[in-house]
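K.L.:
Residue numbers (the numbering used here): 850 to 1009. Where a beta carbon is used, it is the ideal one built from N, C-alpha and C, also for glycine. All of these numbers come straight from a predicted model, not from anything done at the bench.
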């Protein structure tokens, strides 16, 4: 299997991987599979009430991930869980999971297909934009690709 950074690079270069929300939206089975991977990796995954505007959060110090109850569909839950799982992948990798030269392509792809993800970056300090763009881009990938990336960086036998 190609390295995960090469996979993200390939997806960026070819435009593959980022489809319409309907095409990439996870099913409840996908949500369960990713939640299981996270839990096997030592992350406590919960669902709960959150302050307005928050969709989810990952706390690396406590190995804790929350998906907010505001979600109504498996696709919405998947998007948040995959986004937060990307932050776990960044922790497992000890930094970004994509190469710097792919950042602009990821940004442009999100800007075109998911402009709300780009506009929400204003809520974050500039130094967090790269990790947030990666997480937003990863959340838009098909579930099988997110699972491959998670296994590559955090496989169930690796504990960060």
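So the candidates are 904, 962, 997; which of them puts its Cα closest to the Cα of residue 938?
P.N.:
When each option's Cα is compared against that of residue 938, the closest is 997.
K.L.:
Using only the alpha-carbon positions, how far apart do residue 936 and residue 905 sit?
P.N.:
Distance between the alpha carbons of residue 936 and residue 905 is about 11 Å.
K.L.:
Whose CA, out of 985, 926, 940, lies closest to the CA of residue 882?
P.N.:
Nearest C-alpha to residue 882: 926.
K.L.:
Using only alpha-carbon positions, find the residue among 986, 903, 907 that is nearest to residue 893.
P.N.:
Considering only alpha carbons, the answer is 907.
K.L.:
Using a Cβ-Cβ cut-off of 6 Å (strictly less than) and excluding sequence neighbours within five positions of residue 967, which residues of its own chain qualify?
P.N.:
Only 959, 960 meet the Cβ criterion.
K.L.:
Just how far apart, CA to CA, sit residue 995 and residue 934?
P.N.:
Going from the Cα of residue 995 to the Cα of residue 934 covers about 9 Å.
K.L.:
For the ligand ZN, any of its heavy atoms closer than 6 Å to the Cβ of residue 996?
P.N.:
Ligands displayed in this structure: none; no statement on the ligand ZN is therefore possible.
K.L.:
Taking residue 914 as the reference, give the member of 876, 887, 1003, 902 with the closest Cα.
P.N.:
Answer by Cα proximity: 887.
K.L.:
If you reduce the DSSP assignment to three classes, tell me which class residue 893 lands in.
P.N.:
In the structure shown, residue 893 sits in a strand (DSSP, three-state: E or B).
K.L.:
Buried or exposed for residue 991, going by 16 or more other Cβ atoms inside 10 Å?
P.N.:
By the neighbour-count rule (16 or more Cβ atoms within 10 Å), residue 991 is buried.
K.L.:
Across which residues does DSSP place residue 915 in a beta bridge pair?
P.N.:
In the DSSP output, where bridge partners are listed per residue, residue 915 has 895, 906.
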